[in-house]
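Just so we're aligned, residue 33 is where the sequence shown starts under the working numbering, counting upward by one.
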Amino acid sequence: MTRRDGRTFARRCALAALGLVLAFPAAAEEVAGLHVPSPDWRDQVIYFVMIDRFDDGDPGNNDQGAGEYDPADSARYSGGDLRGIARRLDYIRDLGATAVWITPPVAHQWWNEATRYGGYHGYWAEDFKAVDPHFGTLEEYRALSRALHDAGMYLVQDVVVNHTANFFAYGEGWDEGDPARHFELIADARGRTAPTQPPFDRNDPRDPAQHAEAIYHWTPDIADFGDRRQELEFALAGLDDLNTENPRVRTALRDSYGHWIREVGVDAFRVDTAFHVPADFFPDFLHGDDAEAPGVVRVARATGREDFLSFGEGFGADKPFDDTQARKLDAYMRVPGGLPSMINFPLYGTLGDVFARGRPTAELRHRIESMMALHDDPWRMPSFIDNHDVDRFLAGAGEPAMRQALLAMLTLPGIPVIYYGTEQGFTGQRAAMFADGYGSGGRDRFDREAPLYRYLQRAIALRRDHPLFSRGTPTVLADNAASAGAVAWRTDHAGESALVVFNTADAPVLLDALDTGLPAGTVLRGLFALDGTPDDAVVGRDGHLTRVLPPRSGQVWRVTAETVAAPEPAMAPAVGPLPPRPARGDFAVQGTAPGAEQVQLVIDGDLARAVTVPVAADGGWRANVATGGMIDPAVTHRLVVRDPASGAVSTAQTFRADLDWQALADLADARGDDAGPDGRYVYPSGSGWRELRPADIERVRVWGAGGALRVALTMRGLGDAWNPGNGFDHVAFTLFLQLPGHDGGAAAMPQQHARLPDGMRWHRRLRAHGWSNVLFSAEGADAAEEGTPVTPGADIAVDREDRTVTFTLPAGALGDPASLSGAKLYVATWDYDGGYRPLAPEARPAGFGGGDPDDPRIMDDTEVIILPP
Numbered sequence: 033m034t035r036r037d038g039r040t041f042a043r044r045c046a047l048a049a050l051g052l053v054l055a056f057p058a059a060a061e062e063v064a065g066l067h068v069p070s071p072d073w074r075d076q077v078i079y080f081v082m083i084d085r086f087d088d089g090d091p092g093n094n095d096q097g098a099g100e101y102d103p104a105d106s107a108r109y110s111g112g113d114l115r116g117i118a119r120r121l122d123y124i125r126d127l128g129a130t131a132v133w134i135t136p137p138v139a140h141q142w143w144n145e146a147t148r149y150g151g152y153h154g155y156w157a158e159d160f161k162a163v164d165p166h167f168g169t170l171e172e173y174r175a176l177s178r179a180l181h182d183a184g185m186y187l188v189q190d191v192v193v194n195h196t197a198n199f200f201a202y203g204e205g206w207d208e209g210d211p212a213r214h215f216e217l218i219a220d221a222r223g224r225t226a227p228t229q230p231p232f233d234r235n236d237p238r239d240p241a242q243h244a245e246a247i248y249h250w251t252p253d254i255a256d257f258g259d260r261r262q263e264l265e266f267a268l269a270g271l272d273d274l275n276t277e278n279p280r281v282r283t284a285l286r287d288s289y290g291h292w293i294r295e296v297g298v299d300a301f302r303v304d305t306a307f308h309v310p311a312d313f314f315p316d317f318l319h320g321d322d323a324e325a326p327g328v329v330r331v332a333r334a335t336g337r338e339d340f341l342s343f344g345e346g347f348g349a350d351k352p353f354d355d356t357q358a359r360k361l362d363a364y365m366r367v368p369g370g371l372p373s374m375i376n377f378p379l380y381g382t383l384g385d386v387f388a389r390g391r392p393t394a395e396l397r398h399r400i401e402s403m404m405a406l407h408d409d410p411w412r413m414p415s416f417i418d419n420h421d422v423d424r425f426l427a428g429a430g431e432p433a434m435r436q437a438l439l440a441m442l443t444l445p446g447i448p449v450i451y452y453g454t455e456q457g458f459t460g461q462r463a464a465m466f467a468d469g470y471g472s473g474g475r476d477r478f479d480r481e482a483p484l485y486r487y488l489q490r491a492i493a494l495r496r497d498h499p500l501f502s503r504g505t506p507t508v509l510a511d512n513a514a515s516a517g518a519v520a521w522r523t524d525h526a527g528e529s530a531l532v533v534f535n536t537a538d539a540p541v542l543l544d545a546l547d548t549g550l551p552a553g554t555v556l557r558g559l560f561a562l563d564g565t566p567d568d569a570v571v572g573r574d575g576h577l578t579r580v581l582p583p584r585s586g587q588v589w590r591v592t593a594e595t596v597a598a599p600e601p602a603m604a605p606a607v608g609p610l611p612p613r614p615a616r617g618d619f620a621v622q623g624t625a626p627g628a629e630q631v632q633l634v635i636d637g638d639l640a641r642a643v644t645v646p647v648a649a650d651g652g653w654r655a656n657v658a659t660g661g662m663i664d665p666a667v668t669h670r671l672v673v674r675d676p677a678s679g680a681v682s683t684a685q686t687f688r689a690d691l692d693w694q695a696l697a698d699l700a701d702a703r704g705d706d707a708g709p710d711g712r713y714v715y716p717s718g719s720g721w722r723e724l725r726p727a728d729i730e731r732v733r734v735w736g737a738g739g740a741l742r743v744a745l746t747m748r749g750l751g752d753a754w755n756p757g758n759g760f761d762h763v764a765f766t767l768f769l770q771l772p773g774h775d776g777g778a779a780a781m782p783q784q785h786a787r788l789p790d791g792m793r794w795h796r797r798l799r800a801h802g803w804s805n806v807l808f809s810a811e812g813a814d815a816a817e818e819g820t821p822v823t824p825g826a827d828i829a830v831d832r833e834d835r836t837v838t839f840t841l842p843a844g845a846l847g848d849p850a851s852l853s854g855a856k857l858y859v860a861t862w863d864y865d866g867g868y869r870p871l872a873p874e875a876r877p878a879g880f881g882g883g884d885p886d887d888p889r890i891m892d893d894t895e896v897i898i899l900p901p
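What follows is the structure, given as structure tokens:
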């Protein structure tokens, strides 16, 4: 008997003593290399792969003859498979990743004619215990597991417990008391009307026996994500909702997923749509003591995995300074024996808001402090900046912003997840990495010399070389309550500390009097910067650190035990008292700066807009504070005076400002004209569009305050059925602004197959739907390219009762115009999901109808509005 045989026998004996019987592979060679001890998950970096879009190792399995394969069509298979992942492990390992998370490899529905979409992603299961032939064979899956383990890496499998594929629907209504009424079976491309795996094949409530078995909930689509019963029991996007309270369903799911641990050696699970399953399902799923189908943690322990990690997906990011979704996540992790980890969606939302959209860095302070206070173990919660269900980070931000977001993720608690293609600068949500796949541009994308690949190698190495970042506790030291700018935290662990500092603004900012909490004279050694290594620094006499931070920078210093004499501080300027109430418009401020020739008036750290004023012979100075960029009267602004010669700064003063908004336009838009340019378009056939008519503009109001702009759009209907982060869904707004006194601009409406009317050209373009809010300049824009992202983006407010969405843009977002007199505004509606939704002659559940694919994607629009003086 080999040592491996002995271990297998010993595990069987141990299980027998527990009253558990597991069907291990009979031959020792079948399990060789499959079973390895669990790692410390805090120290892992996960690379997330969508199997179909990563690499095609076996072209022979691409087309299964059901019309499901077409790499030119984003809705169909491209050909990626398990063998393709295995042959690219060196590429993934060299990046620095230590684990690979794959989308579900299980047998699934290949093509759904009702939705005109394919199951290439793997989440539409029809047999939870079989490998889908598009992806390979059981032996090829085992080969991937062995290759990972041989490389010292780990395998994470995506699992679904909430639903199967879409095999039934309620097209004419739904009777809760009689689920057989209005029930319709849906045949897939192979003529199947049910999963092939028992008991999930029992899906027809018209059969009394199947009705009594209650394997499914037999419910319609979720119409209101705020209704907890709908969230738990209704169909998500048409997918057949499993009755996870049913003991038979629970047994089958434990058996199905225990299979992959035993037979393939899976090391962890990502649990899809966990929010749609009752939290009390998971103790049974993980720890059930059924001898025939034990909980997956018990199965894993029998294979030597003492820390089998299961982390759930709870799709929902919180609004700024709100913790509703974070608390919902935490509730799942607090159920005894339940999920030990959830994906940190609230952190994802805030990283995007702060780094991509230029929101105040105080929002990141709140999110960091919130997650550390709310969650018992944030170090084991996976974190990410984009994935397969949301826009790519680079679809709405520049590369420097993404480098910052990645560094923040890698230096904060949580298990970092890198979505495939991020390291190659992908902007398409599910584009392929291999030449023959969808959206690849006809070439392989496994370039190890790509700038982002090289950057991520460095950033991941920083984390892996310094366990401080995977195990430490961050203390936020600085933030900006008003705008983009500085944010800093100190991370401490086991006697080691590091200082992490960012400037999220596109211009230099002043980080003044940062209270490091460190002794005076402490030497800070440069560890990492976005573009190299920062210079060493020394903490000042009072434990403070003052620095000018370059635009879009990120820097990390290691706190050493070394000390030197702290430099003598220069005489600091002083500033007089500021207005005790919110200032209405601009106001004057004065102070002293003995010995200085001039001083800089720095508001919210913004050195690019700092006002330089001379100092009089008596040491006094006087300046004017411009408030045009201060759109929120509740925000506290910070003012310091700086001597540019010595670098000395005054004690900070704070104030608030209330802009004087002037009405510039109030226009009615015809009701019912939401049918495209020629009146032929129809809404998608899915729920939420035709009932609400959410793209129908009824009223447009515009206000200005100096160079700041506010636009309120009142709509015929306003929905939020999908629980959108921005408070509305089923519509995307695109606002085009031509600025006075500006040349150039663009006439094309990017990706909408149209040009602006009346000879208008845009200099700023805002695209916003339920989950995106991106402002662009016209630089680089054309019919296909959206332009250059600009920060900050818009503030968005939603009044559901008034059916109104309001967008507010500060003057800085528009290039600081003195006024908006003569500016032109044009607004168009459509909808968006990783791109403007498709248009075809016939409407689809998620696609507009009544036109050709290249026709304008405009459902309703306004006239060109010229703003008065």
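A virtual CB, placed ideally from N, CA and C, is assigned to each residue, including glycine.
- In the three-state reduction of the DSSP assignment, Y452 falls in the coil class.
- Contact between G150 and R108 holds: CB atoms are separated by about 5 Å, below the 8 Å threshold.
- In the structure shown, Y858 adopts extended strand secondary structure according to DSSP, grouped into three states.
- Contact between the segment 729–744 and the segment 696–705 is established, with three or more Cβ pairs separated by less than 8 Å.
- For P392, the number of other beta carbons within 10 angstroms of its own is at least 16, and it is reported as buried.
- Taking C-alpha positions only, Y868 is separated from R889 by approximately 8 Å.
- Runs of alpha helix (DSSP H) with 4 or more residues, each lying fully within the segment 180–253, are found at 240–245, listed in chain order.
- Beta bridge pairing from DSSP links R733 with D698, A744.
- If you draw a straight line from the Cα of G637 to the Cα of D761, it comes to about 36 Å.
- Considering only E145, N144, P137, the residue with the shortest C-alpha distance to D164 is P137.
- The criterion of a C-beta distance shorter than 7 Å is satisfied by A246 and N275.
- Every beta strand (DSSP E) of 3 residues or more that sits fully in the segment 283–336 is shown, in chain order, as 300–304.
- In the structure shown, A810 falls within a coil segment according to DSSP collapsed to helix, strand and coil.
- Unbroken beta strand (DSSP E) runs of no fewer than 3 residues, entirely contained in the segment 509–574, are found at 518–525, 528–535, 541–547, 554–561, following chain order.
- Distance check between A429 and each of Y202, D236, S804 places S804 closest, using alpha-carbon atoms only.
- According to the DSSP assignment, K351 belongs to no beta strand (DSSP E), since it is labelled neither H nor E.
- Between the beta-carbon of G370 and that of A311 there is about 6 Å, and that keeps the pair under the 8 Å contact cut.
- Annotation: the continuous alpha helix (DSSP H) that includes D362 extends over 356–365.
- Note on geometry: alpha-carbon atoms of V896 and D468 lie some 43 Å from one another.
- Using a Cβ distance threshold of 7 Å, T894 and V837 do not count as a contacting pair.
- The beta carbon of G203 is closer than 8 Å to those of H214, E216 in its chain, skipping five residues each way along the sequence.
- Take the alpha-carbon of R115 and the one of K161: they are about 19 Å apart.
- Cβ contact annotation for D322 (same chain, cutoff 8 Å, sequence separation greater than five): T283, R286, in chain order.
- Sequence-distant partners of A561 (beyond 5 residues in either direction) whose C-beta falls short of 8 Å from its own C-beta, in its chain, are S585, G586, Q587, V588.
- DSSP places Q461 outside both helix and strand once states are collapsed to three, so it counts as coil.
- The alpha carbon of G825 has as its nearest neighbour, out of D476, A737, A845, the alpha carbon of A845.
- Going by DSSP, H801 is part of no alpha helix (DSSP H) but of the beta strand (DSSP E) stretching over 796–801.
- As a beta-bridge residue in DSSP terms, Q685 pairs with L671.
- Only residues of its own chain outside the window of five on either side were considered, and among them E395 have a CB closer than 6 Å to the CB of P352, listed in chain order.
- Using a Cβ distance threshold of 7 Å, A602 and G553 do not count as a contacting pair.
- Per DSSP, N278 has no beta bridge partner at all.
- Taking the CA atoms as reference points, V532 sits about 6 Å from A520.
- Here R613 is exposed: its Cβ has fewer than 16 other Cβ atoms, across all protein chains shown, within 10 Å.
- With at least 16 other beta carbons inside 10 angstroms of its own, G751 counts as buried.
- Per the DSSP secondary-structure output, D638 pairs in a beta bridge with V541.
- If you look at P646, you'll find it in the beta strand (DSSP E) that goes 643–646.
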